[in-house]
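Taking it in order: structure first as structure tokens, then the write-up.
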DNA sequence: TATTGTTATACTCTATAACTATA
DNA sequence: TATAGTTATAGAGTATAACAATA
């Protein structure tokens, strides 16, 4: 007797499709939720400031971690080394980040933000935080906090 | 006084970078959590059954929604029409789905699974559910349920 | 020899525009 | 005219392999 009972809202948004077993799959629910947040990012910061989500994240991680290396950025974002090189090339070309050879290990590089990069990422962060808060109004403060904490807990399970 | 106090685990996984304000951004936490679930999917079903995440989701949505149309699939997955066409082409080429003209509206198509498609998606679902459960053991049953429900609530905010 | 990072190249995925056929 | 779906084409993003410099 497959899918006997089912909640009335056990559906995908737009399409109003029956999710069935997908309802209990974390990967699927993450992807569905990300459709919303990707739209929020694009509207609040991506389009007005010409930033891709990954570019924003790189800028913010550099902003919070002084003299970070491309290698550590690649690991944090689960990207390959050539991948991070290309993004840093673009950001450097726009005058948002600086790459300097490490003095202790001349193979490595220290990445930092320019004034312009700091200003841009600050504005982007402000915009996205505000729009997320606005869009997530139907969740209580407790629900938003709980959601972020649980996601953080999941993210930290990465080896 | 920027980022005054900060919890000891306010860090990204692998890189152990300071997330700072990113900690409170839903879009970022979703992306970080998805790195884990994408790995779980690939290991449990993607590689052994030669399925992309999007292919698995299409198969499962078709499985749960009889005679669904490509248009509705496209909306549910936030894809363009040419995008869904290509994925359905591939799945049909592998003998996993069937496309038949609708009798009531001859522009539309009814998508359904073949026996082979049903068997494959069932196996994939079983594999992924089992591995997610295994990987998420450090979360309590209540936490896993709460996380899925909150994500579903966020996903349904899509207009 | 191993590590950090770049370059070269090809592949996957996606998007837009133009098209066919039905309504 | 509008809608469902396809085809054609180009672009964005990513991965692998080969490389240079340093440890």
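Chains as they are written, first to last, in the numbering used here: chain U, 1 to 159; chain H, 1 to 159.
By construction, the Cβ of each residue, glycine as well, lies at the ideal position given by its N, Cα and C atoms.
These numbers come from a predicted model, not from an experiment.
For residue 138 of chain U, there is no enclosing alpha helix (DSSP H), since its DSSP letter is neither H nor E. The criterion of a C-beta distance shorter than 7 Å is not satisfied by residue 83 of chain H and residue 96 of chain H. Nearest in C-alpha terms to residue 71 of chain U, of all of U:63, U:60, U:85, is U:85.
Following the DSSP letters along the chain, one finds residue 72 of chain H inside the alpha helix (DSSP H) bounded by residues 70-76. The alpha-carbon of residue 140 of chain H is positioned some 38 Å away from that of residue 67 of chain U.
As DSSP reads the structure, residue 122 of chain U sits in no beta bridge. DSSP, reduced to helix, strand and coil, places residue 99 of chain H within a strand of the structure shown. Nearest C-alpha to residue 53 of chain U among H:38, H:51, H:31: H:31. The beta-bridge partner set that DSSP reports for residue 112 of chain U consists of U:98.
What residue 81 of chain U touches in chain H, judged by beta-carbon distance under 8 Å, is nothing: the nearest beta carbon there is about 13 Å away. Segment contact: the stretch 54-63 of chain U against the stretch 93-112 of chain H, fewer than three CB-CB distances shorter than 8 Å; contact not assigned. Any Cβ of chain U closer than 7 Å to the Cβ of residue 47 of chain H would place that residue at the interface, and such an atom is absent. Between residue 51 of chain U and residue 124 of chain U, the gap from beta carbon to beta carbon is short of 7 Å.
Setting aside the 5 residues that flank it on each side, residue 44 of chain U is surrounded in the same chain by 127, 128, 131, each with a C-beta closer than 6 Å to its C-beta; the list follows chain order. The C-alpha of residue 25 of chain H is placed about 22 Å away from the C-alpha of residue 39 of chain H.
Residues of chain H whose Cβ lies closer than 7 Å to the Cβ of residue 85 of chain U do not exist; the shortest such Cβ separation is about 16 Å. If one requires a minimum length of 4 residues, the alpha helix (DSSP H) runs lying completely within the stretch 7-66 of chain H are 26-41, 53-64, in chain order. Against chain H, the CB of residue 58 of chain U has no partner CB under 7 Å away; the residue lies outside that interface.
With 16 or more neighbouring CB atoms inside 10 Å of its own CB, residue 75 of chain U falls in the buried class.
For residue 106 of chain H, no alpha helix (DSSP H) encloses it, and the DSSP letter there is neither H nor E.
In this model, residue 27 of chain U and residue 145 of chain H are separated by some 14 Å (Cα to Cα). A check of alpha carbon separations from residue 113 of chain U across U:65, U:17, U:107, U:20 identifies U:65 as the nearest. Using a CB distance below 9 Å, the part of the stretch 18-30 of chain H facing chain U consists of 18, 19, 20, 21, 22, 23, 24, 25, 26, 27, 28, 29, 30, ordered along the chain. For residue 125 of chain U, the neighbours in chain H by C-beta distance under 7 Å run, in chain order, 21. When secondary structure is reduced to three states using DSSP, residue 79 of chain U falls in the coil class, being assigned neither helix nor strand. Residue 109 of chain U has a beta carbon lying at 7 Å or more from every beta carbon in chain H.
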